[in-house]
Structures are given as structure tokens and as C-alpha cells.
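A short worksheet on the structure shown next.
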Amino acid sequence: MRAAIRGDTRSYHRLLQELAPVLRRLAGRGLARHKLGSEDIEDVVQETLLALHLKRDTWDERQAFSPWVYAIARNKLIDSLRRRGRRPHLPIDDIGELPAGEERPAEFNGADAARMIASLKGREREIVVAISIEGASARQVAERLGMTEGAVRVALHRALKALAKAFRTDPP
Amino acid sequence: MSTDALIKAIAEDAGTMSLKPARRLAIALSAGGLVAGALFVATLGMRLDIGAALQTWRFAAKMAILLACLAAALWASARLVRPDASPRKALAALALPIALLALAVGSELALSPSDSWPLRAIGTNGRLCLTSIALLSPAPLAALLVALRAGAPRSPGAAGAAAGLLAGALAATLYASHCFDDSPLFVALWYVPAIAAVALAGAAAGSRLLRW
Chain A
1 MRAAIRGDTR SYHRLLQELA PVLRRLAGRG LARHKLGSED IEDVVQETLL ALHLKRDTWD
61 ERQAFSPWVY AIARNKLIDS LRRRGRRPHL PIDDIGELPA GEERPAEFNG ADAARMIASL
121 KGREREIVVA ISIEGASARQ VAERLGMTEG AVRVALHRAL KALAKAFRTD PP
Chain B
1001 MSTDALIKAI AEDAGTMSLK PARRLAIALS AGGLVAGALF VATLGMRLDI GAALQTWRFA
1061 AKMAILLACL AAALWASARL VRPDASPRKA LAALALPIAL LALAVGSELA LSPSDSWPLR
1121 AIGTNGRLCL TSIALLSPAP LAALLVALRA GAPRSPGAAG AAAGLLAGAL AATLYASHCF
1181 DDSPLFVALW YVPAIAAVAL AGAAAGSRLL RW
């Protein structure tokens, strides 16, 4: 996380990939406790990843990392339980105890996220699709679209914010 | 979209930096403080005998209580902007200003005859105290709420309350340097409800504006 905060894409990528299964376990446990099916898990995971990213400045580097991750995940889980009409009831006492991640099954698709991406504006959508699905880097996208790399990065950041907002406001 | 794809997009955005929450709070407090300070100087201004007043224990106690409240609220706000900070612990910081106030009130009750208590408590500027704090606090409160929006408070209401307490304490500190009613009894009767009202307004605004 420290490297990620300093802007290192590769170590950030690795960190997020390690966190995803952990978040999946947490979301699965929370949803199951409220008798919700596992089809929503991936949406909660994606919403949590976006929140971790956009709120990463609120992690105090002198504090432990996992309670912070857990706190963000818990908040996002509560949000999505509320949106799904459940009264959230989550124990707060296991703060700091992140469950070990599970082995990864093949693909994880968020149902919401597909719709969310469709809701992005033209340029932003193009950029997100190129980077996320086609695996391009910001520089490659910039060349392809005839933009500066900086402009691509700004648009990407905006698109991520818009995605997070869409998760927050969209009913399931 | 698959989670792996989303992770790629997020990782590519690793470089965007923004200000640390503590830095944002500091900027908001300075900006809001400047506006409130300018408003204060333009309308009320400090009392002219401020130097002499500082020699009296009542005035010094009044300022100490308010500054302690300001410090406690700032500390609480800086904590509550983080998702992993417990609201209860942050609000425990209030014990310091409350203890100082209790000590000052106790001293006043011990030192002054009981028939003077009502006059000391009611003072002469009660209404001005309430309106001044109400008018000086909105600018800092708004600035602080904007700063806190970048945060991720576990309890948006508690974070808003801390911002309100901070704005109220700032407004009260400014006003206190104008006011001649220095008795701790006056502080307890007028300042406390005024600051508490700003904290409540902050809590109400925070629970709407600080969700994330």
C-alpha cells in the first residue's frame, strides 16, 4: 500500500489482486448472514475496491493496514445491505481480522458494474474499457485516442469516481 | 465487468494524488477561521482592555476552556475522518474542556457570594453571545464539511458533530475576546448551549453530506 500511495502501478495492482479474494470472503459472509444470495458478492467487492482506491488517503500509514481495509469493507457492505432492503447487523468485534482469501474460481463478474460502465460518458467509457478489459496502459490509450497521457489519467480518475457514485446511488 | 478488469483500471490510476485529510482540515480551519476572523474584526472586535483582562483568572479560564474545546474538536475531527477510528474514543477528548469548565465553575461558586450567582450567570451579553456564535460559525463549518467530504468517516453524523464543535469553538473563542462577561457561570449558561447547537447542526449536516 505504501508503494501504491507513492504511485507504483505494479505493486498497487498486486495488492488489489491479493485483497480481492479477502473482500470476497468478507462480502460472502456478510451477505449470507442476511440471507442474501451470492450473486451480489462481486458487486460488493467491486464497490469496496473502488472505495479503497478513492479513499486511500484516509489510511494513516502509522496505523495497521488491515483494520482500515476492514472498516471500508464493512461500511460498503452495510451500504449495499441497506440498498437491498436489509437491516445491517454486523459484529464490529472482528475488526482487524481479515479472513484468508479463497482459491479463485474462474471469472468474477459484477452484474451492476456492467450497467455502471454503460452509464459512463463516451470518452470515459472508451478509456475504462481500453484499460480494464483490453489491458492497455494509459500511455497506449493516449496514443490511440490522440490525447495526452495526463488527460487520459484525469478522465480515468473521473470515470472511477463516477463508477463509485453509480454504485452508491443505483438501486440493485 | 470482471473484478480483474476493474482492478486494472484502478491500478492504472495509482498515480493520482490528493491531499491528506489532516492537511485538508488544516486548510479548511485556516480559511474558515480567516472569514470568521474578518467578520469578527469588522463587527465586534476585541475588547480594548484585553491585556489587562488576561491578568484576571476568569478571563484566562474562559479562554482556556474554549481553546481546550477547540483543540479537542480538532483532534476528534482529524480522527473521525478515518473509517478505522472509533467515534466514542474521539469524543472522549471532550473530557478535557468539560473538566476545565467544571473546575472553573467550582472555583467561581467557592469564591463568590451565592446572591451574586444569578447576575454572574445571566450577565449582560447573553443574547449577543448566542447570535455572535451563530453568525461566526457557518463559514468555518462549511469549510470543514467540504474538507471532511474527502474523508471516509465510519459515522458521518459523528464527524459532522466534531466539525460543528470545532466551528462553534472557533466562533466562541473569537467572540470571547470581545465579551466582558467572564464568569465561568456565564460560560456555562450561554457559550455551552451555543457551541452545542453548532455541533448539532454539524451532526445533522454531516449525516447527509458526509456519506461516501
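Chains A and B, in that order, give the protein sequences.
Numbering-wise, the first sequence is residues 1 to 172 according to our numbering.
Numbering-wise, the second sequence is residues 1001 to 1212 according to our numbering.
A virtual CB, placed ideally from N, CA and C, is assigned to each residue, including glycine.
With respect to the 7 Å criterion, alanine 1099 of chain B and alanine 1162 of chain B are not classified as neighbours on the basis of their beta carbons.
When Cβ pairs closer than 8 Å are counted between the two stretches, the stretch 1194-1211 of chain B is seen to touch the stretch 1164-1182 of chain B, the count reaching three or more.
Per the coordinates, the alpha-carbon of alanine 3 of chain A lies some 7 Å from the alpha-carbon of tyrosine 12 of chain A.
Look at serine 1137 of chain B here: in three-state DSSP terms it is coil, with no helix or strand label. Of all residues in the stretch 52-68 of chain A, only His53, Lys55, Asp57, Thr58, Asp60, Gln63, Pro67, Trp68 come within less than 7 Å of chain B when Cβ atoms are compared, listed by chain position.
A contact is defined here as three or more CB-CB pairs under 8 Å, and the stretch 22-29 of chain A fails this definition with respect to the stretch 147-156 of chain A. Out of B:Ser1183, B:Pro1097, B:Pro1083, the CA that lies nearest to the CA of leucine 52 of chain A is found in B:Pro1083. Here glycine 1160 of chain B is not near leucine 1094 of chain B, since their CB atoms are 7 Å or more apart. Here serine 1155 of chain B carries a coil assignment [DSSP, helix/strand/coil]. Annotation for serine 80 of chain A: Val44 place their beta carbon closer than 6 Å to its own, counting only its chain and skipping 5 residues before and after. The alpha helix (DSSP H) runs of length 4 or more contained entirely in the stretch 10-76 of chain A are, from start to end of the chain, 41-54. Less than 7 Å divides the Cβ of glycine 1157 of chain B from the Cβ of serine 1207 of chain B.
Of the candidates B:Trp1212, B:Thr1173, B:Thr1016, B:Ala1092, the residue whose Cα lies closest to the Cα of isoleucine 1133 of chain B is B:Thr1173. In the structure shown, the three-state DSSP call for serine 1018 of chain B is coil. For the stretch 111-162 of chain A, the full-length alpha helix (DSSP H) segments reaching 4 residues or more read 111-119, 122-128, 138-145 along the chain.
Sixteen is the threshold: since fewer than 16 other Cβ atoms of the shown chains lie within 10 Å of the Cβ of isoleucine 1050 of chain B, the residue is exposed. Neighbours of histidine 157 of chain A in chain B, taken as residues at a C-beta separation under 7 Å, are given in chain order as Asp1013, Thr1016. Here DSSP, grouped into helix, strand and coil, assigns serine 1107 of chain B to helix. The beta carbons of alanine 1060 of chain B and alanine 1076 of chain B sit about 24 Å from each other, so the pair does not count as a contact at 8 Å. At the C-beta level, glycine 1164 of chain B and leucine 1141 of chain B come within 7 Å of one another. Shown here for leucine 23 of chain A: same chain residues with a beta carbon closer than 6 Å to its own, the five before and five after excluded, namely Val45, Thr48, Ala73 in chain order. With a contact defined as Cβ atoms closer than 8 Å, serine 132 of chain A and lysine 1008 of chain B qualify at about 5 Å. It is roughly 31 Å from the alpha-carbon of proline 1153 of chain B to the alpha-carbon of isoleucine 127 of chain A. Secondary structure note for threonine 1003 of chain B: its alpha helix (DSSP H) is the uninterrupted segment 1003-1012. Nearest neighbour of alanine 1121 of chain B by Cα position, chosen from B:Leu1145, B:Leu1148, B:Phe1180, turns out to be B:Phe1180. Taking 7 Å as the cut-off between beta carbons, the residues of the stretch 129-159 of chain A near chain B are Ile131, Ser132, Ile133, Gly135, Ser137, Ala138, Arg153, Leu156, His157, in sequence order. Pairing valine 1105 of chain B with alanine 1188 of chain B gives a Cβ-Cβ distance under 7 Å. Looking at the backbone, the Cα of serine 1112 of chain B and that of glycine 1045 of chain B are separated by about 29 Å. Nearest CB-CB separation between valine 44 of chain A and chain B: not below the 7 Å threshold.
Using a Cβ-Cβ cut-off of 7 Å, threonine 9 of chain A is close to Ala1011, Glu1012, Ala1014 of chain B, given in chain order. Put simply, the backbone Cα of valine 152 of chain A is about 8 Å away from that of arginine 139 of chain A. Per DSSP, the continuous alpha helix (DSSP H) segment holding serine 1077 of chain B begins and ends at 1057-1080.
Put simply, the backbone Cα of alanine 1147 of chain B is about 16 Å away from that of serine 1137 of chain B. Per the coordinates, the alpha-carbon of leucine 1103 of chain B lies some 10 Å from the alpha-carbon of leucine 1109 of chain B. Chain A places no beta carbon closer than 7 Å to that of alanine 1092 of chain B, leaving this residue out of the contacts. DSSP places glycine 7 of chain A outside both helix and strand once states are collapsed to three, so it counts as coil.
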